[in-house]
Amino acid sequence: MAHVDQKIEGMYQEVLKRNPGETEFHQAVLEVLESLGPVVSKHPQFLERKIIQRICEPERQIIFRVPWQDDKGEVQINRGFRVEFNSSLGPYKGGLRFHPSVYLGIIKFLGFEQCFKNSLTGLPIGGGKGGADFDPKGKSDDEVMRFCQSFMTELYRHIGEHTDVPAGDIGVGGREIGYMFGQYKRITNRYEPGVLTGKGLTWGGSLVRTEATGYGATFFVNEMLKARKDSFAGKTCLVSGSGNVAIYTIEKIHQLGGKCVACSDSNGIIYDEKGLDLELIKQIKEVERRRISDYAKTHKHAKYIAGGNIWDIPCQVAMPSATQNEINGKDAATLVKNGCIAVGEGANMPTTPEGVKVFLDAKIAYGPGKATNAGGVATSALEMQQNAGRDSWTFEYTEKKLEDIMVNIHRNCFETAEEYGAPGNYVVGANICGFIKIANAMVAHGLV
Ligand code: NDP
Ligand code: 2IT
């Protein structure tokens, strides 16, 4: 990967100094700043107006206490976050993550990436992210509901259709969005569907939002393959994770003729060389909320490998869809050595900088998360559009819109990379293309 341009280096040092200990945030910022040297040379007004320094500083950061009672009546205290990063292109937009690893540095890396991702969609959405260090694993439905109600009792005052529109991420799906929407409605006495996305289909949700991130990521990889005169047909694929993004990535890979042989969770891997049985995975994960290891109890031919490394399995296409930094330099080298020709990131920042370097040096098709997984938030924006028009679109119409958006993102990243002298480098393409639109809007809005 290129180094940070000398004109920008000081800005990165400042980010390190101002945000101590937030390593994931530092990583996300560095990856973008490394791409921007040629942009500031071409657009000196971005330097004069200190656009980069302003983009690296969230517009607003909210941190709050979330007290709730567990089923035994014991008081529990978690920490909630909402980082409203950039509103130059629209209301802050981005998911909520409930996971024990959550702290400010994780929310800020996600919020920072979200700004560029949302810009790439071409839709009118700014960037933000939130969440809590709450662990939904092993909690009862009632506990999750009480937590969500307490979380929203603080969050409600900061959000709104024209202000900030949260959605799901790790640990936040349709169930949690439902509890939060109910509490928002109760506190405000307003039926305001546009305040959250990922809602249920009978109360303002959009068809295809559930499938959107996985489908969109697969459409993006399909475009990268097409650009190399190739396709998913007959390809052996790996998809890490077994949550929302992973499930619908597997579904679309199968629809496009690929064969997905493994998925995972934080405890282990399921390897099924006949191709994963997606209906069983949906039953285990979406309906029964059990662990992926149960797959091997039904399918005796499949292997469950506790604590295994999914990237050791030979594949041609890899789609990391679990969490940040799940592919390191060694994993990336293994993938390339085993014949992997395309990597599409369903997750946010799943590859370490060392891993990214391996993929770029090997010149395989590598789609960074902020481009590849943008279909989720893009379909959230389509949900907002339907809510604003009190409308609901068909599955086919919405999926076609999603596909068109992903084809456009691919084309824009591809062409921008060429224009800036880095053909085939989607990291450079996505960062520059996402950045320029935000930067121009910030210049137009003056010093705010
Ligand atoms: P889910 O909560 O539905 O699923 C997450 C999956 O990843 C689970 O299988 C989980 O395993 C695994 N996982 C999570 N954390 C870790 C970890 N620290 N180590 C190993 N495995 C882990 O989340 P999503 O599918 O929604 O999100 C997956 C990724 O996609 C995230 O990076 C998210 O930011 C990104 N994303 C999500 C979008 C969306 O619309 N939902 C949109 C764009 C990106 P376990 O159950 O063991 O924890
Ligand atoms: O990372 C992401 O883009 C998401 N979790 C989805 C955000 C959204 O607002 O739909």
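With positions in the sequence shown counted from 1, the corresponding number in our numbering is that position plus 301. C-beta: ideal position from N, C-alpha, C; glycine also. Every value quoted in this text rests on a predicted model; they were computed, and no experiment measured them.
Compute every distance between the C-beta of Thr653 and the non-hydrogen atoms of the ligand 2IT, then say whether any falls below 7 Å. no
Where do the N-terminal and C-terminal ends of the beta strand (DSSP E) with Met620 fall, by residue? Val618 to Met620
Does the ligand NDP have even one heavy atom less than 7 Å from the beta-carbon of Gly469? yes
Span separating the alpha-carbon of Gly722 from that of Cys714: 12 Å
Distance between Pro437 and Glu716 (C-alpha atoms, nearest Å): 42 Å
Using the Cβ count rule (16 or more neighbours within 10 Å means buried), how would you classify Leu497? buried
By how many angstroms is the C-alpha of Gln314 removed from the C-alpha of Met302? The pLDDT assigned to Met302 is 43, lower than 50, so where the model puts this residue is not dependable, and the model offers no usable value.
Sub-8 Å separation of Ala547 and Ser681 beta-carbons: no
Please tell me whether, using a cut-off of 7 Å, the distance from the CB of Gln450 to the nearest non-hydrogen atom of the ligand 2IT is below it. no
Please go through the segment 554 to 620 and give each complete alpha helix (DSSP H) segment of 4 or more residues, from N-terminal end onward. 579 to 583 and 596 to 599
Please tell me whether Val637 and Val659 are closer than 8 Å, where the distance is taken between their beta carbons. yes
Endpoints, beta strand (DSSP E) assigned at Cys416: No beta strand (DSSP E) contains Cys416, which is instead part of the alpha helix (DSSP H) from Leu405 to Thr422.
State buried or exposed for Thr695, treating a residue as buried only when at least 16 other CB atoms are found within 10 Å of its CB. exposed
Write down the C-beta distance between Ala603 and Asp573 rounded to the nearest angstrom, noting that I regard them as a contact closer than 8 Å. 4 Å
State yes or no: is the C-beta of Thr503 within less than 8 Å of the C-beta of Leu557? no
Buried or exposed for His711, please, with buried defined as at least 16 other CB atoms from any protein chain shown within 10 angstroms of its CB. buried
Candidates Thr422, Gln377 and Tyr516, of which the one nearest Ser451 by Cα: Gln377
Can you determine whether any heavy atom of the ligand 2IT sits closer than 7 Å to the C-beta of Asn649, and answer yes or no? yes
Taking all protein chains shown into account, decide if Gln617 is buried (16 or more other Cβ within 10 angstroms of its Cβ) or exposed. buried
Cutoff 7 Å; reference Glu444; Cβ partners in own chain excluding five residues on either side: Asp371 and Asp372
Only counting runs of 4 or more residues, tell me where the alpha helix (DSSP H) segments fall wholly within the segment 645 to 702, in order along the chain. 654 to 663, 670 to 673 and 675 to 689
When we look at the beta-carbon of Gln757 and count the other beta-carbons within 10 Å, is it buried (16 or more) or exposed? Past the boundaries of the shown model lies residue 757; the chain is included only from 302 to 749, so the question cannot be answered.
Name the DSSP bridge partner or partners of Ala623? Paired residues: none, contrary to the question.
Is any non-hydrogen atom of the ligand 2IT found closer than 7 Å to the C-beta of Thr624, if you look at the structure I gave you? no
Could you check what DSSP says for Ile710 in three-state terms: helix, strand or coil? helix
Count the other C-beta atoms from every protein chain shown that fall within 10 angstroms of the C-beta of Glu383, then say buried if there are 16 or more, exposed otherwise. The question names Glu, but residue 383 is Arg in the sequence shown. Classification of Arg383: buried, given that the 10 Å Cβ count is 16 or more.
Cut-off 7 Å between Cβ atoms - residues of its own chain near Ser441, not counting five sequence neighbours on either side: Asp372
With distances taken Cα to Cα, identify the nearest neighbour of Gly501 among Glu455, Arg380, Glu684 and Gly730. Glu684
Among His746, Val403, Asn732 and Gly747, whose alpha-carbon lies nearest the alpha-carbon of Ser420? Asn732
Express the C-alpha separation of Val678 and Gln687 in angstroms, rounding to a whole number. 14 Å
Contact set for Asp692: own chain, Cβ-Cβ below 7 Å, skip 5 residues either direction: none
For the structure I just gave you, are there three or more beta carbon pairs, one from the segment 530 to 548 and one from the segment 617 to 633, closer than 8 Å? yes
Can you list, in chain order, the residues of its chain with a C-beta nearer than 7 Å to that of Glu360? Leave out the 5 residues immediately preceding and following it. Glu385, Phe386, Asn387 and Ser388
Based on the DSSP output, what are the partners of Leu397 in its beta bridges? Gly431
For the ligand COA, is there any heavy atom lying closer than 7 Å to the beta carbon of Asn674? This structure does not include the ligand COA; its bound ligands are the ligand NDP and the ligand 2IT.
Go ahead and label Thr454 buried or exposed: buried means 16 or more other beta carbons lie within 10 angstroms of its beta carbon, across all protein chains shown. buried
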